[in-house]
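Residue numbers (the working numbering), protein chains in the order written: chain A, 40 to 239; chain B, 616 to 1284. A short write-up of the structure that comes next.
In structure tokens:
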């Protein structure tokens, strides 16, 4: 749209109704079968008939699963990890691509997706501040009433433990290779990655 | 979305034959179309009701769901039909749009539901046909107004809950605006009301003639002159109170300029100023005349009652909103008065000793006649005068009667609005309380599940409490997700009571006791790291009988109503779970298993698409955030994977089949 006329722009926005690519295309691009894609789409369409999820809706949906605490910060990071093109809204294709990686992807792909999530500013490195933000967001989801009582520096300690493990050359940042290597060395993580094969 | 574009395309292409002779270059080859299967009848199954239509009908509007390839997502290969889990009654209108090109609006249905259906099928609301457009717009606007009122009322801060940390000013202002918030405010409210009444009554009584005790000539003087001191004291007291109130309001007002300009503050000033002027004016003759007239302004104190009476305020709003009608009334009356007064004057000019000495003098007669008062102090004596006089009185009735219904209907509308607002405010509190209760239901479901030993690895089929086994698939997955979060952060979810108990124990310096035996002490802070994520998660003891957590008494009431039988005394602590928990099994199963309420929290719908006001795209238009077994939930579940990196032992996932639709084979891994 040649955005010269502001009214036209606004009208365009109100009529946003995104239609996903065809079923065959999506089937080829992801690791889901047609049936599974159908099921996924129906659910998606029910929640968002216009075909896109914006951040507010995403946060609301996510918050319902964690009634104890405040899930909005984490949902924010999650949303930006889903929204690969940084357009501010998640379309069905983005959604399904991410799910395909998370549920059906190879170990490598999953780890890379996770690295991308942690890397908030998408510069290819995870530094302590980014990790701190993520960990704090996760702890926020726990809410106030936890046992044992949440202390102020629990997140920081957590981040320190994480960095100790992941940062091989102790330069204060974790690169993708360090991340992949450290995770692959850890049996627990490897084992847990197989857990969600049958979520769908 | 031009109507029926797709239908006319073949025609336009056929007409391209006319270009052939003129073309200087070879025309491009036509796109290969898949072997057209001819026109076929598609079956669309909407919640069990089958609709059949030609494929071409649906293809007319390729920008919509049914016209594009998006409907393939809803195709069920087994039955060969397109299944939609939506309202069949509404679908009728959608399908008729394809058939006739006009979208009609159902009269009996809720406009919001209709909008949602349109959004689902990809139809723009502007497509509503002309015959139904007006009604559709009106109803939408009505809805939007009503919801805007709701939001305004919420934002106006009617709630009794004060934001924490508000300054004295804010608290004071709030006490002034909503006297119901605190008893002090209520007392102040009533006291000022009382003094207004006293002041007004004093003004009135002041002028009543009371007979003096001395009978020598029985002079009658107004009480005000007989007891000047008493009245003066009363007046002083009232004015002091009013001044104090005004100054306090001025201090507390969030925006002082706006407050100074507001009507109520002007009334306040006018009410108290005469007194002060009277104090400073010296008591000489010529000025005191003016001073006496100033006292008349004291009657404006009665308007201060409008803060106390809602009816008065409504009247004020009505008059303000009917300003145009009142203006019209005034204007037409003035015209009529001038006309009739002139006529009467010239008609009565000839008579001797007539009252109609001038046209302005005749104004009085006209007004009294038009309003059908008829004092009789001025009467026409000529025949012409009498004729015109009767015409005047007849027309007076008409002119005054015309704008009155408008004013009355305005008043009625505003009054009912106020009633509705009050009713809504009262309902809101109950509604919010119930929503909170339902929400804490889900929270407690998980805690209950944990206490019933659901998280124990050793729990096999029979040993697990019945209530644990009977959870739905959704609950299982949700609880698994929460459990993953717990493991990631090394903290467990608890409820408020245990939390405050733990806090209390911490503050008392409770000793840590790593319990493998029966213990009822919460773990102290020192052993936080070491007891982090033990293999056998520590179970909290069932709350002590003499709980010292007086802090959470209030919330305990809420929890009580939910917990029901939960407080059944289980003597042994849950930490010794290695033993067969048969006895505790029965005890714990007394308490009902909480059905994780599938809550649909009605969030206010987004602004409606108006021509001038764009609605935010997509997602915010979806009012309901009903949690279903939807794909978005899957994405949430899969996030637990990410937490693995942050923590190690994750409970094994609950193998679940995605609950597929009725005719789709269940997808099991």
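Every residue, glycine too, gets a C-beta built ideally from N, C-alpha and C. Note that this is a predicted model, so its numbers are computed, not measured.
Query	Result
Residue 1000 of chain B Cβ short of 7 Å to the ligand ATP heavy atom set	No copy of the ligand ATP appears in this structure; indeed no ligand is present at all.
Cβ pair residue 1008 of chain B, residue 985 of chain B closer than 8 Å	yes
Pair within 8 Å by beta-carbon distance, residue 135 of chain A and residue 76 of chain A	yes
Burial state of residue 140 of chain A, where buried means 16 or more other Cβ atoms lie within 10 Å	buried
Beta-carbon gap between residue 1033 of chain B and residue 925 of chain B smaller than 8 Å	yes
Sequence-distant residues of its chain with Cβ nearer than 7 Å to residue 983 of chain B (five each side left out)	989 and 990
Contact with chain B by residue 89 of chain A, beta-carbon distance below 8 Å	yes
Status (buried if at least 16 other CB within 10 Å, exposed otherwise) for residue 634 of chain B	exposed
Cutoff 8 Å: residue 125 of chain A Cβ touching any chain B Cβ	no
Beta-carbon neighbours of residue 61 of chain A, restricted to chain B and to distances below 8 Å	684 and 687
Beta-carbon spacing of residue 732 of chain B, residue 709 of chain B below 8 Å	yes
Residues near residue 1198 of chain B in its chain [Cβ-Cβ closer than 8 Å; skip 5 each side]	With a pLDDT of only 41 at residue 1198 of chain B, under 50, the local geometry of the prediction cannot be trusted, and no value is derived from it.
Sheet register partners of residue 665 of chain B (DSSP bridge)	B:660
Of the residues B:1055, B:859 and B:1107, the one placed nearest residue 1066 of chain B, counting alpha carbons only	B:1107
Within-8 Å CB hit, residue 181 of chain A to chain B	yes
Interface residues of chain B facing residue 215 of chain A [CB-CB closer than 7 Å]	Within chain B, no residue comes near residue 215 of chain A; the closest Cβ sits about 13 Å away, beyond 7 Å.
Proximity test, Cβ basis, 8 Å: residue 77 of chain A and chain B	yes
Beta-ladder partner(s) of residue 1107 of chain B, from DSSP	A:186
CB contact below 8 Å: residue 107 of chain A versus chain B	yes
Proximity test, Cβ basis, 8 Å: residue 118 of chain A and chain B	no
Helix, strand or coil at residue 1017 of chain B according to DSSP, with G and I counted as helix	coil
Extent of the continuous alpha helix (DSSP H) run through residue 105 of chain A	Per DSSP, residue 105 of chain A belongs to no alpha helix (DSSP H) and is neither H nor E.
Through-space distance from residue 1014 of chain B to residue 873 of chain B, alpha-carbon basis	39 Å
Same chain only: Cβ atoms within 7 Å of residue 918 of chain B, ignoring 5 sequence neighbours per side	882
Coil, strand or helix - residue 990 of chain B by DSSP	coil
Span separating the alpha-carbon of residue 229 of chain A from that of residue 1037 of chain B	59 Å
Three-state secondary structure assigned by DSSP to residue 214 of chain A	strand
Contact under 8 Å by Cβ, residue 927 of chain B with residue 921 of chain B	yes
Cβ-Cβ distance between residue 841 of chain B and residue 825 of chain B below 8 Å	yes
Inter-residue spacing [alpha-carbon to alpha-carbon] between residue 1017 of chain B and residue 128 of chain A	56 Å
Cβ of residue 634 of chain B within 8 Å of any chain A Cβ	no
For residue 79 of chain A and residue 1089 of chain B, the rounded distance between their alpha carbons	16 Å
Best match in A:169, A:59 and A:179 for proximity to residue 684 of chain B [C-alpha to C-alpha]	A:59
Cβ-Cβ separation, residue 690 of chain B to residue 726 of chain B (assumed contact under 8 Å), whole Å	Contact doesn't hold; Cβ gap of about 31 Å is too wide.
Residue 64 of chain A to residue 125 of chain A span [Cα, whole Å]	22 Å
Chain A residues whose Cβ lies nearer than 7 Å to that of residue 734 of chain B	88 and 89
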